[in-house]
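Colleague:
Number of protein chains: 2
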Amino acid sequence: MSSPEAPTRPAPPTIGVFDSGFGGLTVLRALVQRLPRARFAFLGDTARLPYGSKSRRTIARYAAQSAQFLVREQGAEFLVIACNTASALALDAIQDAVPVPVLGVIEPGAAAARAASRSGDVLVVATDATVQSRAYSAACRALGLRAIEKACPLLVPLVEEGWTAHPVTDQVIRIYLDELNAEAAAQGLRPDALVLGCTHYPLLRPLIERAVPPGVKVIDSAESTAEAAMRLFNGRAAQFAQSTGPETEIRCFATDSVEKFERLGSRFLERPVGSVELIDLGG
Amino acid sequence: MSSPEAPTRPAPPTIGVFDSGFGGLTVLRALVQRLPRARFAFLGDTARLPYGSKSRRTIARYAAQSAQFLVREQGAEFLVIACNTASALALDAIQDAVPVPVLGVIEPGAAAARAASRSGDVLVVATDATVQSRAYSAACRALGLRAIEKACPLLVPLVEEGWTAHPVTDQVIRIYLDELNAEAAAQGLRPDALVLGCTHYPLLRPLIERAVPPGVKVIDSAESTAEAAMRLFNGRAAQFAQSTGPETEIRCFATDSVEKFERLGSRFLERPVGSVELIDLGG
Numbered sequence: 703m704s705s706p707e708a709p710t711r712p713a714p715p716t717i718g719v720f721d722s723g724f725g726g727l728t729v730l731r732a733l734v735q736r737l738p739r740a741r742f743a744f745l746g747d748t749a750r751l752p753y754g755s756k757s758r759r760t761i762a763r764y765a766a767q768s769a770q771f772l773v774r775e776q777g778a779e780f781l782v783i784a785c786n787t788a789s790a791l792a793l794d795a796i797q798d799a800v801p802v803p804v805l806g807v808i809e810p811g812a813a814a815a816r817a818a819s820r821s822g823d824v825l826v827v828a829t830d831a832t833v834q835s836r837a838y839s840a841a842c843r844a845l846g847l848r849a850i851e852k853a854c855p856l857l858v859p860l861v862e863e864g865w866t867a868h869p870v871t872d873q874v875i876r877i878y879l880d881e882l883n884a885e886a887a888a889q890g891l892r893p894d895a896l897v898l899g900c901t902h903y904p905l906l907r908p909l910i911e912r913a914v915p916p917g918v919k920v921i922d923s924a925e926s927t928a929e930a931a932m933r934l935f936n937g938r939a940a941q942f943a944q945s946t947g948p949e950t951e952i953r954c955f956a957t958d959s960v961e962k963f964e965r966l967g968s969r970f971l972e973r974p975v976g977s978v979e980l981i982d983l984g985g
Numbered sequence: 703m704s705s706p707e708a709p710t711r712p713a714p715p716t717i718g719v720f721d722s723g724f725g726g727l728t729v730l731r732a733l734v735q736r737l738p739r740a741r742f743a744f745l746g747d748t749a750r751l752p753y754g755s756k757s758r759r760t761i762a763r764y765a766a767q768s769a770q771f772l773v774r775e776q777g778a779e780f781l782v783i784a785c786n787t788a789s790a791l792a793l794d795a796i797q798d799a800v801p802v803p804v805l806g807v808i809e810p811g812a813a814a815a816r817a818a819s820r821s822g823d824v825l826v827v828a829t830d831a832t833v834q835s836r837a838y839s840a841a842c843r844a845l846g847l848r849a850i851e852k853a854c855p856l857l858v859p860l861v862e863e864g865w866t867a868h869p870v871t872d873q874v875i876r877i878y879l880d881e882l883n884a885e886a887a888a889q890g891l892r893p894d895a896l897v898l899g900c901t902h903y904p905l906l907r908p909l910i911e912r913a914v915p916p917g918v919k920v921i922d923s924a925e926s927t928a929e930a931a932m933r934l935f936n937g938r939a940a941q942f943a944q945s946t947g948p949e950t951e952i953r954c955f956a957t958d959s960v961e962k963f964e965r966l967g968s969r970f971l972e973r974p975v976g977s978v979e980l981i982d983l984g985g
């Protein structure tokens with residue numbers, strides 16, 4: 703029997719955050735800013751990354767296994783798919799695989815572009831698989847936007863090499879954006895927003911903002927996804943507010959290369975990731 | 703009963719060639735040049751690439767499964783591990799997993815450096831996992847060479863982006879080689895050979911040859927591995943010579959992304975790769 707002085711207060715719900723690697727820590731960072739007393743379980747399926755160059759069938763299988771780990775083993779009550787490729791290619795498969803609300807990054811990114819754009823024409827940069835899925839184009843079209851997408855496969859390796867403020871990265875970004883702008887112009891579009899359609903890209907935001915034409919707003923889908931998550935969690939807001947959680951509680955899991963995750967992850971999360979637990983999803 | 707006019711001649715042995723991706727097609731190309739009438743089965747474990755950023759345990763499991771496919775399902779009588787990372791981290795595991803001779807790329811690369819170097823000091827460029835394994839350093843040391851290694855993680859994505867003659871790639875190569883040369887100088891070494899310790903790098907050979915200091919020879923481990931394979935096959939030379947195979951027979955298999963393999967593979971093989979068969983190794 704609990705005394706009136708120490709009423710039992712509910713534990714905060716656990717929010718599962720999933721990515722193929724650790725780029726999704728940029729989404730976790732945005733969530734932590736908004737829910738400082740929540741409990742998070744982050745899984746990076748690092749043994750099988752990058753998803754960006756794999757087929758839809760393979761990505762769906764990997765993502766469903768990862769989502770099941772977060773829900774069944776970690777008790778996640780909400781899932782945020784902090785991976786553009788998995789959101790683009792496997793959101794349905796994940797929703798079928800687990801009985802909790804699942805939020806991807808594509809629709810929040812498109813919604814933020816809709817809010818930012820006056821012309822209705824937007825640019826999207828992403829991995830090869832995300833672009834080939836045409837998921838951003840579809841999500842934008844559903845909101846009355848015209849989107850033009852470009853795969854930028856060198857940007858993830860450049861971020862992982864730590865060259866986030868390097869002249870080579872600046873050149874690569876300008877080459878990709880020049881090609882994208884030329885393509886937009888050829889189609890008669892007048893884009894005024896650029897969606898960062900990969901969770902690694904927020905680390906390149908300063909270089910990208912210098913490289914976009916004047917008047918083009920840069921949309922970080924990590925930020926817009928965290929905003930969308932807040933709306934999704936709204937019914938549980940009281941529980942978050944009253945929870946006994948002292949400080950943010952974050953547990954990080956990876957399927958491989960824990961050392962690399964620990965070494966690079968803090969750049970994405972902007973705080974130490976602590977020790978990362980190695981798990982085996984098979985395969 | 704066969705008539706004397708048409709004596710039964712042995713079929714050529716099948717040589718299995720394995721890589722995590724399709725970079726190992728540079729090794730297959732070198733093998734085909736030397737054994738134009740042989741039969742080859744090439745497997746790229748593209749669903750699980752890149753091996754270069756994964757742990758030894760994971761790489762060993764993946765590579766053993768792949769080797770077993772080539773031997774059990776394709777009847778390979780020899781295996782060439784055309785992947786530096788798998789050779790560096792999993793050669794023992796592969797040899798334990800299959801009952802046929804297995805040749806990796808590390809020792810042939812080191813032997814070619816031994817033949818080329820007068821100073822006894824050599825440079826090695828490779829993926830992160832290959833460098834961390836120190837396999838080239840050990841193989842070089844066993845031959846009386848001092849090796850200094852550098853991970854160059856941007857070079858594979860640059861090759862896969864098709865930027866094999868691009869000014870950005872030229873700059874990246876010069877940055878990596880400047881760092882490597884500075885490190886060698888700091889250790890008092892006088893290197894006169896550079897081993898390309900990744901099967902993607904032969905596509906960058908022209909840029910690399912322009913970037914190395916004068917007097918430094920560039921060693922392509924694909925070529926030296928094919929030479930070593932010829933010595934390994936020597937006892938079967940007559941069978942290769944007499945075989946009824948009309949032309950080179952190549953079957954290519956991949957665990958994912960067959961389309962990308964078919965699109966990019968011909969750059970590595972320098973001939974059409976034909977249709978690539980999708981297989982499932984689980985996971």
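Quick mapping for you: the protein sequence lines, in order, are chains A and B. Heads up: the first sequence begins at 703 in my numbering, then just goes up one per residue. Heads up: the second sequence begins at 703 in my numbering, then just goes up one per residue. Note that beta-carbon positions come from the ideal geometry of N, C-alpha and C, so glycine has one too.
1) Hey, quick one: how far does the alpha helix (DSSP H) through I717 of chain B stretch, first residue to last?
2) Would DSSP call I981 of chain B helix, strand or coil?
3) At the level of alpha carbons, what is the spacing between D958 of chain B and F771 of chain A?
4) Buried or exposed: where does Q767 of chain A fall if 16 or more other Cβ atoms within 10 Å of its Cβ makes it buried?
5) Name the chain B residues that come within less than 7 Å of T760 of chain A, Cβ to Cβ?
6) Under a Cβ-count criterion, where at least 16 other Cβ atoms within 10 Å of its own Cβ denotes burial, should V975 of chain B be classed as buried or exposed?
7) Are Y838 of chain B and G806 of chain B close, meaning C-beta to C-beta below 8 Å?
8) Is there a Cβ from chain B that is less than 8 Å from the Cβ of E862 of chain A?
9) Less than 8 Å between C-beta atoms, sequence neighbours within five positions excluded: which residues of the same chain meet that for N936 of chain A?
10) Just to confirm the assignment, what range does the beta strand (DSSP E) spanning G899 of chain B have?
11) Under a Cβ-count criterion, where at least 16 other Cβ atoms within 10 Å of its own Cβ denotes burial, should G725 of chain B be classed as buried or exposed?
12) Report buried or exposed for D794 of chain B, applying the criterion of at least 16 other Cβ atoms within 10 angstroms of its Cβ.
13) Check whether the Cβ atoms of K756 of chain B and A749 of chain A sit closer than 8 Å, and answer yes or no.
14) Alpha carbon to alpha carbon, how far is E881 of chain B from C900 of chain A?
15) Whose C-alpha, out of A:I783, A:T716, A:E851, is nearest the C-alpha of K878 of chain A?
16) Check the Cβ-Cβ distances between S757 of chain A and every residue of chain B, and say whether any is below 8 Å.
17) Applying the 10 Å Cβ sphere with the 16-neighbour rule, what's the burial state of S789 of chain A?
18) At least one CB of chain A closer than 8 Å to the CB of Q873 of chain B: is that the case?
19) For the beta strand (DSSP E) containing C954 of chain B, name the first residue and the last one.
20) Can you tell which of B:Y753, B:A743, B:A792 has its C-alpha closest to the C-alpha of G777 of chain B?
21) Which residues of the region 958-985 of chain B have a Cβ closer than 8 Å to any Cβ of chain A? Give them in chain order.
22) Along chain B, which residues have their Cβ under 9 Å away from the Cβ of V870 of chain A?
23) With DSSP as the reference, label K756 of chain B as helix, strand or coil.
24) Any heavy atom of the ligand SAH closer than 7 Å to the beta-carbon of L745 of chain A?
25) Hey, could you find the ends of the alpha helix (DSSP H) R741 of chain A is sitting in?
26) Whole angstroms is fine: what's the gap from L751 of chain B's alpha carbon to T760 of chain B's?
27) Is there contact between the region 818-834 of chain B and the region 927-934 of chain B, where contact requires at least three CB pairs shorter than 8 Å?
28) Below 8 Å CB to CB, which residues in the same chain sit around P706 of chain B once its five sequence neighbours on both sides are set aside?
29) Contact check, V960 of chain B vs L983 of chain B under 8 Å by CB: the rounded distance?
30) Could you compute how far the alpha carbon of G967 of chain A sits from the alpha carbon of G723 of chain A?
31) Using the Cα positions of V897 of chain A and V918 of chain A, report the straight-line distance between them to the nearest angstrom.
32) Nearest-angstrom Cα distance between L847 of chain B and A765 of chain A?
33) P916 of chain A touches chain E at which residues, Cβ-Cβ below 8 Å?
34) Using the C-alpha atoms, what's the distance from E809 of chain A back to S926 of chain A?
35) Considering A853 of chain A, what are the terminal residues of the beta strand (DSSP E) in which it resides?
36) Comparing C-alpha positions only, which one of A:V874, A:C954, A:G754 sits nearest to S835 of chain A?
Modeller: In this structure, then:
1) No alpha helix (DSSP H) contains I717 of chain B, which is instead part of the beta strand (DSSP E) from 716-721.
2) coil
3) 24 Å
4) buried
5) A749, D958
6) buried
7) no
8) yes
9) none
10) 895-899
11) buried
12) exposed
13) yes
14) 30 Å
15) According to the sequence shown, residue 878 of chain A is Tyr rather than Lys. If we check each option's Cα against that of Y878 of chain A, A:E851 comes out closest.
16) yes
17) buried
18) yes
19) 951-956
20) B:A743
21) D958, S959, K962, G984, G985
22) L856, V870, Q873, V874, I877
23) coil
24) No copy of the ligand SAH appears in this structure; indeed no ligand is present at all.
25) No alpha helix (DSSP H) holds R741 of chain A; the beta strand (DSSP E) holding it covers 741-746.
26) 11 Å
27) no
28) Only weak support exists for where P706 of chain B lies, its pLDDT of 49 falling under 50; the value from the coordinates is given anyway. Excluding residues within five positions, none has a Cβ falling inside 8 Å.
29) In fact, because the Cβ distance is near 14 Å, the residues do not count as touching under 8 Å.
30) 10 Å
31) 10 Å
32) 46 Å
33) Absent from the structure: chain E. Protein chains present are A and B.
34) 9 Å
35) 848-853
36) A:G754
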